Every structure is written in C-alpha cells, then in structure tokens.
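Protein chains in written order, with this note's numbering: chain A, -16 to 541; chain B, 902 to 1222; chain C, 79 to 389.
Read through the structure below, which is laid out as structure tokens, and then see the notes.
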C-alpha cells in the first residue's frame, strides 16, 4: 500500500506545484481540437489518425503524398525515378528481380538537440524495423528492403527484393534518432515500445526535427508543440500549436463556441452531420471545408453466407439502396456515392462500369429471379426451400453517422422484402474480433482509409482471407475469391508504367462493380472548422494529414 | 474490536482475490485480443508474426494459467505496462486517482455541506412548503440523466454566459490556481447536483427519526430551545446514516464519475477504466478495477466501523455475529 | 450492513385498506402513480396511435428530416424523417419494459437468494451473504461496460435467441442489470426470513409437519412483500436512468429499436439545431424516473409500519 500512496503524494505535488507557472500570452498560439487522443508518440509504433496529426508537425516522412495526391519528397532532396538514375533495376543475391533506390536527406536537417540527421538514423530505424523483435508498423516494407548501402552521411541506397510501382516511396520508414534510441533498443528489444524516449521523455528535443517539437504532453488531454530551432525548411508562422482532445463531440463543439479552441480538425473531429448543422448556424463566422477523400465507407459481405453468395441478392441490395438521396440529404451533397472502392478523385478511376442507381423494381425482379417469391409478414421466403430472406447487419455501435445510414438502408431493404437484423458492437469488439475473425454472418459496415492509387492486395486478394491457419492475418474479411482479381493485383503492382496500369485498374473496377465483393456506399468527407483568420490549411483527403505542411499555417489578418 | 478487525480483513482479502480472478476472466471473455487489433491496424502482418506476438504477450496460454502468471507477478510488485500508454500502470493510474479524488472529493464535501443544513431545516419544518420544495428538488437531482445535466450546464455557463470553461482541466499556457479552479466549477457542480438530493433525503429522514425519539422530547420538555435540541442531541445521531451513505459510496466514487469526466474532458479514473476496457489495455483495466474494488471494500469497512463508533448502542460483538 | 430499515412482522396484521388510505394521503405519490399509469397506457397504445395516424414509425423519409410539428406529425419528425411522437412512444415502451423487467428479475433473484439464506441459514447463509457482499463490492459501471461488450452467445447458459437478433440487446441489458440489482432485495428478505423462522407460530407450524415450501409461501413471503414492492418500485427509475447512461456510452439499446436513452443520446449532437429532439426524451426520462421515486416513497410511507407512528 505504501508505494501507491507515495505516488499519489508526488502527483499531488505536481498538480499544485505547476500551478504557479504562467507563460507569456503575447506569442501566437493556435489551439486545435480533436476528438481522440494520440496514445504514444513513437512514429513507427501503432498508427492512429490522432497520432499522425501530432507527429507530422514535429517529424517528417521521407516520402508522402501531397494535397494533389502526387508523390512528394518531404525528408529527401529528390524523388527517385528510373529516368533520373536514382532508381536502378538490379538482381538480388537470390537471383530475383530487385531495385536499388537512392535517397538524400536534406543537408541542413538536424534533430532538435542539434545533432545532424544522418544515414545512421536510417540504418538504425531499418535494423529495428526488420528485426524479429520488431513491433513497428508495415513489417512488409522493412523486410522488402533487404539491404541498405550508405553512400555518405546524407545519402543512402535501399535495395528492394520486389519491384513495384511504388519503389520510390518509403512513407512508413520514419526515422528515429540513432544517438538517443539505439542504446535503448539494443538493451532490450522486446521492451523497446515501453522504454523508448518517445514514451518516457517525449519532450526531449532530440526526438524531433520538424517545424515544431513537442514541449508538453498531458496524456489524454493536450499536447503542446513549439517552434523547433533546428528546422531546415520554410519557417513556421505560429509560435505554438496546442492540440486538445475533447472526446464528446457535442462538448468539442461547445469548446469551439466558447473560444477554448480555435479550430476543429477534420479527422478525428466532428461528424459530417454535426458539421453541416454547425455550418447552418455559424457558416459566416467560420471557414468550413468539407474535404472529400479516400475514406471508403462500404459494407463487407460475408460470401460464406448462402443467401449473400448469390450475386442477384447482392445486386438487389444495391438497387434497393437509395444512396443518392442518402448522400444528398444526410451529407449535404458533400460526400459522393461510391461506384467501387476507387475514389472518383483518383486518376485511375473510370465510370464505364456497372452502376446501381436506385431502382426498387429491379431489386424485386432480381430477388424473384433468385427464388425469393413467397412473401410472408412482409419478408420474402425462398419458394422451394422456404428460406427466409433475412441477413444480419453489423457496424460500430455508438457511431451515430453509421447508425443513421444503417437505418436508412434497413428501411429501404425492408421495402423490397429483405429483413435486416441489426446487431451492432462496440468498435473494440467489432474490429478486434468479429471482423478480423470473420465472425459476422451477413453484412458489416465500416471504412477503409487509404492512399492514392493504393493496391487493395490485403483486401481483395484471396491470400488475404483471414483463417485460423494464417493466424487471422489479412483483411479480406469478405472471403472474396476471384482468380482474375488475384492475377490483376499481382500484375498491377509490378507494372511500372502508369499508362499500362490504367487499363488494369479499369478492369479491376469493372469486376468489382459486377461481382460486388462488398457493397460500396460512399466516399467520406472530413469537415475542417476553422476561424476566418486561419490560412494555409490544405486538407489532403488521404491518410497523410494536412499537418505535413503545418509550417504554412498562418494568420491572414496580420 | 481486534477480532472484528481480523475477521473483516481476512474476508476482505478473500473477496479481493476472488474479484481479481472474476475481473480477469471477464475481461478475457471479451472478444478480440491486442494482436487482433494490431493485425487490423497493420495489414501486412504475417501469420508467423501474429503467432510470435501472441506468444510474447502470453496470449496463447489458457486463461487460468495467464491469471496465475499475472497474479504471481502482481504479488511480486510488477503490475505491468499499460499497452496503450506504454508506461507502468501505476504511472497512468496515480495522477488519474488524484484528479478524481479532487473532483469527487470536493463535490462530496460540497454536497454534504449543503445537505446537512437543508436536511435539518426540512426535518424540523415538516409538511411546510419549504419541506415539499426541498423534497421535490432532491428527487429532481437523483432523477436527471447526468450527461444531460452536464450538457445543459456547458451550454448555459460556458457557451451562452461564458463564465466558465467548457471542459479540460486548465488553459494550456496558464494553469494558475484560479484557472484550474474555474475549470473545476462545472464538473463539480454536475456531480454535486446529482448527489446532493440523495444525501439531503438521508439527513432529513435521520433527523426526523431522532426528533421522534423520547430523549429529545424529554430535552424539549426540559425547556431547551429547538435549535439547541437539534444541534446537541439529534445531529450526532443523524450523521450516522449520512456517514454510512458517503462511505458506502466511497469506492464507486472512483469509477462512477465516468460520465462527468467524459463530458468535461476531465482526466479521471472512471474515464481511464472505460478507455482501457474498450481499448484492450488489459493491465491498466485490471489494476484500476481492482483498486476501485479495494476502495469499495475499504468504504464498506469504514461504514461499519464508523457506524459502530458513532452509535454507542451497537457493540462490535453483535455486529460480527 | 445497512439493513436496518425493516421492522418485520406486524405488517400482516394491518388491513390493506388502512395502507391504501395512507398511500392516498401522499399526494405527490398518488399524482406520480397517475402520471405513470398515463405514460404506460399511452406508450403501450403506440400501435393504435400509429394505425390511427396512418404513419409507419420505422419508415425513414430522408426528404422530410427535422420537420416542424404539423397535423400529420404532431411533434415533427426526427433526423431520419420518422414521426417523432411515435418514436417517443415506442421508445417509452422499450425503456419501461427494460426498467420493469430488470427490476422484477432482480426482485425474483433477490427473493430467492434471500429466502435460501435466511430460512436455511448455516453455511448456505454464510456463502450467499459473502456472495452478496462481493456483488455489492463490484464497481457497477465498469462491469456493465465489460458485460455489454461480451458476446453473450459464447456463454453456455444464454438461449440462442437472446444472444442474436434485433432484441438481443434488450435482453442483454435486462440480464446484466438484474445480475447486479438483486442485492438489496436479497438482504431485506434474508433479514425477514431469519426473524420469522424464530417465531413461535412458525415453529408450531413446523412441529405440525408443515413443509418448508409451505412455511416460505405462507409465512415468510407475505411478510417481505411490502419492502420488496418498495425496493422494486424505486429501482425501476434507477434502471431507466442507467439505460440512458449506457446509451450515452454507446452500449445501450441499439437503433433502430428506440429507447428514451438512445433517442436522447443521438439528439445531443444536434442540440443546437434541433433542441426539441433532445428536450422531449430528456423530459420523459426525468418525469418517469422522478415519478417512480415518488411512488416508491409514497409506498414506503404507506407500507412501512413505522410510519404508523408518524401521524
């Protein structure tokens, strides 16, 4: 009992002790509100949108996508291409096709404590990331890079054992400082996630090299970022950025209105419904941007369910869903109906595919064709087997937007005689078990957040079907298995010429729209609620947040 | 007294041990484990990786064995790391406990301070309009959905009037005592409003009960004034049920402020428990829940002891029988 | 620990009419009873209202969201264009059913455990009372959260229909609330059973060969009926409140099944644009809970023998 008491004592001391500190108010501070908190600040361990938002202000990826969805260099001097000679096809020691890609770290780049950022940091990050003990994200990328040759302090060449059209991007290789972290890692790799300075001392300047660095963390409440003196790029405008977390979105909105926060960030922020309502009342006082993006809301269909395995039933579900009215009425037209998983904003998009405009009569015809002709208590039954046309429909409980959409769909489907039984689950259960172990029996609604021209290998390839044998790895929760799609995915990845890829992408979309592995709903828009005086915030619409250009955020009124 | 203590302590330890297994098993029954979540977040994880991770976290063992391992290291003083916050569990928990203690402590004190005079007044003026009004207010307080009350307070006092901040614990960059206090006003008010009714009703009932007692009638017959009678003879006895109610509620205090903490973005224990359960943060949920259970047991024990201490008519012997 | 509210025994002696008259004196309780009666009647006549109004309560109409009150929709429509009055009525049904069912289930479990413990005594009594202490020591809210997330289908003793399907959630909440709610009644009943067992007439009955079941039914249950009624009435209100809190946490009754709790929770995001969507369910919860509390209070006054001495 003595230890907790002592701890409480010190904590109490901290609470009262820091009460006297009052910082100067003259400096320019921007306070941003979000509805989730970043649990840890290590750039490579666990990804969450709240976290990448904070980290991108103090850290940079080597490569990323810009607001125009083009690959860019953020922490390198030039994007490697085959043409400029920075990428060279080669043969791996195992005799496979490989590629050598060379990057150069910006010459002035240095960690916040003055130590230059060098290839040693890259080497350490790569070693830690590919090790057996690694708990870094994107293991596949770390292992695909089978070797790194150091040219000098700033230049290095990665050797990949697969040649994909994304050879020029190493978005997920986020450097961590060799001079601070290597010793901790080597001492005990298994415990590294708990002992890294990003957890034990996140305000250490040596951990950050972005326009800002983290100077104060109150876990669960707020993170303060201040200008980083060693930043090599465009100088930032704000002296300080405070990221505050208010999880209840109604309370978040109240905080904005009472002036406790200046801006509500897109994701994770207000629901679109709430943002629309806010725009109704305060549209003139705030600058409100609805950014449509690569957030694909859809319904996964369990193809092992005999009713849903029938393509005609899936098509009927599509025809009986009035997605257009839903998008217009619920989302003010700021979100678009999704023809397939590929966004209309992506360059690989084509509209020459099967479309499912609202057509209940057609849905009924399809259901009758599938044998569900016998209507009892408003629900269709199979004429021969007597099977009831009833499917389970799951989504994340407590997500108001999804619950609204779910009820609209349910109402529309019941009109054509399909019974939909709603059984929602908390997100932790839904994502943590039900989906990943394919324990849902019918329909499951959720979203994929992706990057531009992203190959859906883990989602659509049959090798991505989670099973007991593969330890439930993979994201093909539908159990979708189409040899031609497998083939297309394999070919797509290895086709370096965009012009050659385009027809492949179009074919993939055609198959998606015809076969309906999942039921596409819409591409989500994020809402950014900003004060009128804030400029330079350019929402990207993909998984790489607008915070990667935080140094351009500024006040327009002075 | 000594025997009473020993019995109660042994019983408490047994209940606590049983509870720890129950909590462990229940959390274990929740579908999905941290590895499932990692797979969901990281699509390229291979089956071998997943298996290795499960082994590292000991998730491949049966639940009894896992509990055994956990209990052994917990008894050895190693409560483990929070999976979400990546720091030792006590480091996450301790400041939260302090925050909750401050929040709930001040609202309990405030509620008791309000409840005693109001309750005594209502009891000594039964069936008057004031009494009825007090009664009505008490019932109103315990009948209002707490998150609804919180939202109303935020809208009125933070947004419309702008008197107090809408949430959080301090203004970043300020954090002075006055600043912290102003952040406490609305959450404390919410908690006080939902508890004061219950306390007042107990005070009122207890005082009324005492007034009917013979010795009070005697005292009054001897010519003591009403006020003197109330303060000297009834209040001490009337406090017993109030103390009991407060002490019995002591443990739930730490988890029960969840709603208020969520609405006001206040970093307390209730929110931590909720987040760690739904965020698959096993160690944190386990320790925090056990701590709360311990506090409930302590509260019950205190209630019994105080009850005996305050009321000379009850002996320890008859209580422990 | 705190089971001192009970003065067992003499209840059966006083005639029912006397208590009824005493209850009628408690004007707020009578008013509450009438309000509750009206609410129950109105909520459970929802299908009739629906038929009479000629609208379908679950019919979504996206082109008619947030409509103001009109002849067709007396309280307007909600965020999906459904008739708000009907949603409230059906929501009331669900909230009241949850409250009543969970309170009754708690009372049944509590009575059973209380009788077993108090009447048979010995090690059974000790074990059951430690169990009761244990359950009381459980921090309620965190446990409800855990239990709300557990897949009931995996537990062996839960019928299939309760674990899946549209109403699974309703059953789940009733089950988990009653798993925690029985302790008060159990203690009340145990106390009474313990003292009744010692009475001379019970001993006489036993000597004459009356079975345990008979003694429990004839002598013990009538003596505990009043406190059980009071405790159950009071707990209905608390359970309705609890359901709204669970809804707030996203763990309550799931849409499209309406409950006052989830209607209120959904409306809080829209509090600025459509305040009435939040005001009505909030008010209904408030009125119902307060009415149950007053009713319980009045019943206590009327049924508790000590209150005879009061006046």
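Note that beta-carbon positions come from the ideal geometry of N, C-alpha and C, so glycine has one too.
In this text the structure is predicted, and so the values were computed from the model without any measurement.
Residues near residue i by beta carbon distance below 6 Å, same chain, minus five either side
i, result
"residue 188/C", "260, 263 and 264"
"residue 877/B", "Nothing in the structure corresponds to residue 877/B, since chain B is present only between 902 and 1222."
"residue 83/C", "Here the model assigns residue 83/C a pLDDT of 38, short of 50, so the residue's position is not dependable and the matter cannot be decided."
"residue 998/B", "1170"
"residue 90/C", "Residue placement at residue 90/C cannot be trusted, given a pLDDT of 46 that sits under 50; what the coordinates show is reported in the next sentence. Answer for residue 90/C: 300, listed in chain order."
"residue 1177/B", "1185 and 1186"
"residue 538/A", "516"
"residue 560/A", "The requested residue 560/A is not part of the displayed model; chain A covers only -16 to 541."
"residue 84/A", "63, 70, 141 and 150"
Bridge partners - residue i, DSSP secondary structure assignment
i, result
"residue 56/A", "46/A"
"residue 375/A", "404/A"
"residue 81/A", "73/A"
"residue 428/A", "282/A"
"residue 1188/B", "According to DSSP, which records beta bridges pairwise, residue 1188/B is partnered with nothing at all."
"residue 538/A", "517/A"
"residue 964/B", "BP columns for residue 964/B are empty, so no partner."
"residue 526/A", "Note: residue 526/A sits in no beta bridge, so no partner."
"residue 364/A", "357/A and 371/A"
Cβ-Cβ separation, residue j to residue i (assumed contact under 8 Å), whole Å
i, j, result
"residue 211/A", "residue 97/A", "About 11 Å separates the two Cβ atoms, so there is no contact after all."
"residue 472/A", "residue 444/A", "5 Å"
"residue 215/C", "residue 1145/B", "In fact, because the Cβ distance is near 16 Å, the residues do not count as touching under 8 Å."
"residue 1108/B", "residue 1020/B", "6 Å"
"residue 436/A", "residue 331/A", "6 Å"
"residue 44/A", "residue 24/A", "Not quite, the Cβ-Cβ distance comes to about 15 Å (not below 8 Å), so this is no contact."
Contacting residues, own chain, Cβ-Cβ under 8 Å from residue i (five flanking each side not counted)
i, result
"residue 253/A", "18, 232, 235, 236, 247, 261, 510 and 512"
"residue 5/A", "Note that residue 5/A has pLDDT 36, beneath the 50 cutoff, so the model's placement of it is unreliable and no number is given."
First and last residue of the uninterrupted beta strand (DSSP E) at residue i
i, result
"residue 506/A", "501 to 514"
"residue 270/A", "269 to 284"
"residue 358/A", "357 to 359"
"residue 129/A", "128 to 133"
"residue 1073/B", "Here residue 1073/B belongs to no beta strand (DSSP E), and DSSP marks it neither H nor E."
"residue 225/A", "223 to 228"
Nonlocal neighbours in the same chain, by C-beta distance under 7 Å from residue i, ignoring five residues either side
i, result
"residue 152/C", "163"
"residue 568/A", "Past the boundaries of the shown model lies residue 568/A; chain A is included only from -16 to 541, so the question cannot be answered."
"residue 309/A", "388 and 391"
"residue 115/C", "none"
"residue -9/A", "Below a pLDDT of 50, predicted positions are generally treated as unreliable, and residue -9/A, at 37, falls in that range; the measurement from the model is reported next regardless. No residues qualify anywhere along the chain."
Alpha helix (DSSP H) segment containing residue i, residue limits
i, result
"residue 1103/B", "1078 to 1112"
"residue 1053/B", "1047 to 1054"
"residue 109/A", "102 to 113"
"residue 162/A", "161 to 170"
"residue 912/B", "903 to 930"
"residue 171/C", "162 to 193"
"residue 391/A", "383 to 398"
"residue 346/C", "338 to 346"
For the region 970 to 1003 of chain B, list every residue whose C-beta sits within 7 Å of some C-beta in chain A, in sequence order. Flagged, chain order: 982, 985, 986, 987, 988, 991, 995, 996, 998 and 999.
Can you give me, in chain order, the residues of the region 143 to 176 of chain C that have a beta carbon less than 9 Å from any beta carbon in chain A?
143, 157, 158, 159 and 160
Identify each residue in the region 214 to 236 of chain A for which the Cβ-Cβ distance to at least one residue of chain B is less than 8 Å, and report them in chain order.
223, 225, 227, 228, 229, 230, 231, 233 and 234
Chain B contacts from the region 346 to 372 of chain C (Cβ-Cβ distance under 7 Å): 346, 349, 360, 363, 364, 367, 368, 371 and 372
- the region 1168 to 1183 of chain B: which residues have C-beta closer than 8 Å to a C-beta of chain C, in chain order? 1171, 1174, 1175, 1178 and 1179
Mind checking the region 1043 to 1074 of chain B against chain A and listing, in chain order, the residues whose C-beta falls within less than 7 Å of any C-beta there? 1052, 1055, 1056, 1059, 1060, 1063, 1066, 1067, 1068, 1069, 1070, 1073 and 1074
Between the region 239 to 253 of chain A and chain B, which residues of the former have CB atoms less than 7 Å from a CB of the latter, in chain order? 240, 241 and 243
Got a sec: which bits of the region 1146 to 1166 of chain B sit with their beta carbon under 9 Å from any beta carbon on chain A, in order along the chain?
1163, 1164, 1165 and 1166
Note to self: Any C-beta of chain B within less than 8 Å: which residues of the region 301 to 330 of chain C qualify?
What the structure shows: 315, 319, 322, 323, 326 and 327
query = Taking Cβ-Cβ distances below 7 Å as the criterion, which residues of the region 382 to 409 of chain A are in contact with chain C?
reply = 383, 386, 387, 390, 391, 393, 394, 404, 405, 406, 407 and 409
Exercise. Could you please tell me which residues of the region 157 to 189 of chain A, in chain order, have their CB closer than 9 Å to any CB of chain B?
Key: With the criterion set as a beta carbon lying under 9 Å from some beta carbon of chain B, the members of the region 157 to 189 of chain A are 173, 174, 176, 177, 178, 179, 181, 182 and 183, in sequence order.
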